[in-house]
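Chains as they are written, first to last, in this note's numbering: chain S, 4 to 312; chain U, 25 to 298.
In this text, a Cβ means the ideal position worked out from N, Cα and C, and glycines have one as well.
Below: one structure, written as structure tokens.
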Amino acid sequence: MSMSTLRGAFTQRILELAKEDKSIFTLATDSRGSVTLGDYAKQLPEQFVECGIAEQDAVGIAAGLADAGLRPFVCGPACFFSMRSAEQVKVDVAYSHMNVKIIGVSGGVSYGALGSTHHSTQDIALMRAIPSLEVFLPSDAVQMRCLTDYLAASNEPAFVRVGRGAVEDIYAPGTSFTVGKAVKLAEGKDAAIIAAGETVCRALKAAQMLKNESINVSVYDMFTIKPLDCEAISEAAETGFVLTVEEHSIYGGLGGAVAEYLSQNKPTRMKILGLPDEKYYTGTSNEVFAHYGLDENGIARALKAGLNA
Amino acid sequence: MTVNELKQTANQIRADAVTMIHDAATGHTGGAMSAADILTALYCRILNVYPDDPKNPDRDRFFLSKGHSCEGYYAVLAHRGFFDKKELATFSRAGSRIIGHPNNQVPGVEVCTGALGHGLPVAVGAALGAKRTGKGYRVYCLMGDGEQAEGSVWEAAMAGANYRLDNLFAMVDRNGLQISGSTEDVMALEDFKAKWQAFGWDVCEVDGNDMEALVNYFEGEHAKDKPHMLIAHTIKGKGLPFAENKAEWHHKVPSDEQLTEAYRALDVKGASFK
Ligand SMILES: [Mg+2]
Numbered sequence: 004m005s006m007s008t009l010r011g012a013f014t015q016r017i018l019e020l021a022k023e024d025k026s027i028f029t030l031a032t033d034s035r036g037s038v039t040l041g042d043y044a045k046q047l048p049e050q051f052v053e054c055g056i057a058e059q060d061a062v063g064i065a066a067g068l069a070d071a072g073l074r075p076f077v078c079g080p081a082c083f084f085s086m087r088s089a090e091q092v093k094v095d096v097a098y099s100h101m102n103v104k105i106i107g108v109s110g111g112v113s114y115g116a117l118g119s120t121h122h123s124t125q126d127i128a129l130m131r132a133i134p135s136l137e138v139f140l141p142s143d144a145v146q147m148r149c150l151t152d153y154l155a156a157s158n159e160p161a162f163v164r165v166g167r168g169a170v171e172d173i174y175a176p177g178t179s180f181t182v183g184k185a186v187k188l189a190e191g192k193d194a195a196i197i198a199a200g201e202t203v204c205r206a207l208k209a210a211q212m213l214k215n216e217s218i219n220v221s222v223y224d225m226f227t228i229k230p231l232d233c234e235a236i237s238e239a240a241e242t243g244f245v246l247t248v249e250e251h252s253i254y255g256g257l258g259g260a261v262a263e264y265l266s267q268n269k270p271t272r273m274k275i276l277g278l279p280d281e282k283y284y285t286g287t288s289n290e291v292f293a294h295y296g297l298d299e300n301g302i303a304r305a306l307k308a309g310l311n312a
Numbered sequence: 025m026t027v028n029e030l031k032q033t034a035n036q037i038r039a040d041a042v043t044m045i046h047d048a049a050t051g052h053t054g055g056a057m058s059a060a061d062i063l064t065a066l067y068c069r070i071l072n073v074y075p076d077d078p079k080n081p082d083r084d085r086f087f088l089s090k091g092h093s094c095e096g097y098y099a100v101l102a103h104r105g106f107f108d109k110k111e112l113a114t115f116s117r118a119g120s121r122i123i124g125h126p127n128n129q130v131p132g133v134e135v136c137t138g139a140l141g142h143g144l145p146v147a148v149g150a151a152l153g154a155k156r157t158g159k160g161y162r163v164y165c166l167m168g169d170g171e172q173a174e175g176s177v178w179e180a181a182m183a184g185a186n187y188r189l190d191n192l193f194a195m196v197d198r199n200g201l202q203i204s205g206s207t208e209d210v211m212a213l214e215d216f217k218a219k220w221q222a223f224g225w226d227v228c229e230v231d232g233n234d235m236e237a238l239v240n241y242f243e244g245e246h247a248k249d250k251p252h253m254l255i256a257h258t259i260k261g262k263g264l265p266f267a268e269n270k271a272e273w274h275h276k277v278p279s280d281e282q283l284t285e286a287y288r289a290l291d292v293k294g295a296s297f298k
């Protein structure tokens with residue numbers, strides 16, 4: 004199984020696209036290293052803007068570049084863009100409908116033992132409540148590459164959250180994706196798992212483990228948090244039990260979005276698996292996942308508990 | 025427009041703004057009056073704008089960072105023909121796009137503003153965009169003095185100097201007052217000029233209610249390789265005898281009698297949009 008980082012997939016693709024399209028700009032907040040924008044900054048200095056450690060300013064500058072007719076991508080840690088500059092995202096980007104893309108890297112608990120100053124586990128809740136802002140949580144590098152093409156061509160403001168470490172490839176190179184359309188990765192009639200971001204590959208493994216116990220579950224990759232794929236959610240609900248899995252607070256994230264839809268349209272038993280409302284246990288990203296049952300074992304456990312409840 | 029015509033127009037803009045506030049029973053009277061001369065100088069003489077083609081890529085950009093002073097801004101945009109003056113009568117009414125802070129659904133408004141400390145970073149981006157794309161337009165941004173306590177203003181001050189944006193013209197409506205009282209009592213700004221100079225800006229001071237001084241500043245020579253800051257000393261409530269230099273007129277609404285008094289003091293017949 005090959006592994007790749009999503010930030011690497013983004014920076015590689017955006018460099019290719021920016022060489023062809025001079026209106027593409029990237030902005031960093033002393034984050035060119037953590038985003039892996041070093042090559043881009045060297046090769047295309049006229050399409051790169053260093054903003055210093057000033058996320059509010061960076062998002063505002065991006066809105067101004069968009070007003071100048073350019074296509075800016077602001078890149079840096081998801082924790083700072085979703086909170087420190089939340090008002091700039093809301094006002095300068097979304098409310099003003101400026102074509103700005105926010106690429107939040109090292110999202111969720113990627114920064115592990117650095118603690119919750121650097122965790123971004125409220126970003127989905129915050130960003131998806133902002134009107135006219137699209138929100139994406141891609142699950143692997145192939146999907147990120149395809150999403151980068153979409154973002155470069157789209158005129159809609161968007162927030163994208165990716166992790167930090169390399170993740171297992173889920174999709175074959177060249178797979179294409181449609182915004183607003185979740186991907187069904189496994190088919191099963193007993194229950195459904197809806198995951199996004201780095202929980203998708205773990206959900207797939209959990210489904211395999213469950214299959215060995217003759218429990219057949221569907222798995223959906225809901226990379227498109229907003230626009231949300233309500234048809235896929237409705238289909239998942241046909242199984243009678245929906246488990247959502249996310250690297251995010253249990254409040255207001257993917258689980259919240261699914262629950263909002265199902266409770267009002269198709270009441271279905273469900274369980275929201277995510278990070279609890281507490282000061283987090285720290286460790287590597289994998290250790291935190293294991294601690295909170297967001298790894299394949301925990302997901303399989305939660306699904307069985309839900310089915311037997 | 026000549027300086028005399030600009031002066032008369034500024035008073036008409038004031039009358040339109042104060043009427044909008046009176047009729048809607050909401051608005052920010054003090055700041056709309058202090059900034060009226062700056063807005064009129066810019067829109068009626070200085071800015072290269074295209075009312076029939078508001079998104080023309082070569083237009084000068086203007087950002088009203090002190091978005092609460094929007095009444096005069098909408099009035100001057102309508103005066104320049106960005107939209108029909110009659111629409112000013114819908115100010116703050118249900119469903120109107122002419123709302124209590126600048127809304128970029130209104131032709132001529134670049135971005136939505138009103139949350140303070142947002143305009144200058146966006147202006148820096150627009151000015152940097154002009155530099156990087158070889159465009160000759162200028163970028164203007166009007167801030168309030170109370171607004172200067174927002175940290176994001178100073179983030180943008182650093183970036184503007186860092187990128188040597190000499191196509192960027194920031195202004196502060198230095199009326200000395202904010203909603204709770206004197207800026208020096210709420211959060212002292214002085215030595216204000218020295219602060220901007222220390223951040224690497226080319227700083228000038230003028231009487232911001234003196235039309236000739238404003239025009240001379242904008243049409244004069246400007247330093248190269250530095251962004252420009254104009255500290256425009258103004259009188260909050262300027263032109264309305266009952267409101268001048270009174271902090272409570274930040275968002276107080278004039279009575280019927282005060283509206284009549286305002287027209288008399290401004291030497292105008294009434295609102296131009298009625
Ligand atoms: Mg003031």
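- For the pair of segments examined, the segment 235-246 of chain S was found not to touch the segment 128-143 of chain S: the number of CB pairs separated by less than 8 Å stays below three.
- For cysteine 94 of chain U, no chain S residue has a C-beta closer than 9 Å to its own C-beta; the minimum C-beta separation is roughly 14 Å.
- One alpha carbon belongs to tyrosine 161 of chain U, the other to alanine 71 of chain S, and they sit about 10 Å apart.
- If you compare the alpha carbons of U/Thr284, U/Trp273, U/Leu238 and U/Glu268 with that of isoleucine 70 of chain U, the shortest gap goes to U/Leu238.
- When secondary structure is reduced to three states using DSSP, glutamate 171 of chain S falls in the strand class.
- The nearest non-hydrogen atom of ligand 1 is less than 6 Å from the C-beta of glycine 168 of chain U.
- By the rule that beta-carbons nearer than 7 Å mark a contact, alanine 66 of chain S touches chain U.
- Taking the C-beta atoms as reference points, valine 96 of chain S is found nearer than 7 Å to proline 160 of chain S.
- Residue-level contact by beta carbon holds for proline 145 of chain U and chain S, with a gap shorter than 7 Å.
- Pairing valine 222 of chain S with isoleucine 196 of chain S gives a Cβ-Cβ distance under 7 Å.
- Under the 7 Å criterion on CB atoms, valine 227 of chain U is classed as non-interfacial with respect to chain S.
- Residue state for serine 206 of chain U is assigned as strand, using DSSP reduced to three classes.
- Distances between the C-beta of leucine 213 of chain U and the heavy atoms of ligand 1 are all 6 Å or more.
- For valine 92 of chain S, not one C-beta of chain U is nearer than 7 Å to its own C-beta.
- Under the three-state reduction of DSSP output, tyrosine 254 of chain S falls in the coil class, being neither helix nor strand.
- In this chain, the alpha helix (DSSP H) harbouring aspartate 40 of chain U covers 27-48.
- With the criterion set as a beta carbon lying under 7 Å from some beta carbon of chain S, the segment 94-125 of chain U has no members that meet it.
- For the segment 145-168 of chain U, residues whose beta-carbon sits nearer than 7 Å to a beta-carbon of chain S comprise Pro145, Val146, Ala147, Val148, Gly149, Ala150, Leu152, Gly153, Ala154, Arg156 and Thr157.
- In the three-state scheme derived from DSSP, where H, G and I count as helix and E and B as strand, proline 75 of chain S is classed as strand.
- As far as DSSP is concerned, methionine 212 of chain S takes part in no beta bridge.
- Annotation: the continuous beta strand (DSSP E) that includes glutamate 229 of chain U extends over 226-231.
- Just so you know, the alpha carbons of isoleucine 173 of chain S and aspartate 143 of chain S end up roughly 6 Å apart.
- Taking 6 Å as the cut-off, one finds no heavy atom of ligand 1 near enough to the beta carbon of leucine 140 of chain U.
- Excluding five sequence positions before and after glycine 286 of chain S, the CB atoms of its chain that fall closer than 8 Å to its own CB belong to Gly115, Ala116 and His294, given in chain order.
- Against chain U, the CB of serine 99 of chain S has a partner CB under 7 Å away; the residue lies at that interface.
- Glutamate 179 of chain U belongs to the set of residues whose beta carbon lies under 7 Å from a beta carbon in chain S.
- The C-alpha of tyrosine 287 of chain U lies about 18 Å from the C-alpha of histidine 103 of chain U.
- Residue-level contact by beta carbon holds for histidine 142 of chain U and chain S, with a gap shorter than 7 Å.
- For the set U/Pro251, U/Asn80, U/Thr137 and U/Phe266, the Cα lying nearest the Cα of methionine 57 of chain U is the one of U/Phe266.
- Contact annotation, proline 75 of chain S with serine 37 of chain S: C-beta distance approximately 18 Å; criterion of less than 8 Å not satisfied.
- The bridge partners DSSP lists for threonine 258 of chain U come to none.
- Secondary structure note for glutamate 281 of chain U: its alpha helix (DSSP H) is the uninterrupted segment 280-290.
- At the C-beta level, glutamate 53 of chain S and alanine 31 of chain S come within 7 Å of one another.
- For tyrosine 43 of chain S, DSSP records no beta bridge to any residue.
- Residue pairing by DSSP puts leucine 276 of chain S in a beta bridge opposite S/Val248.
- Checking the 6 Å criterion, the Cβ of leucine 201 of chain U is within range of a heavy atom belonging to ligand 1.
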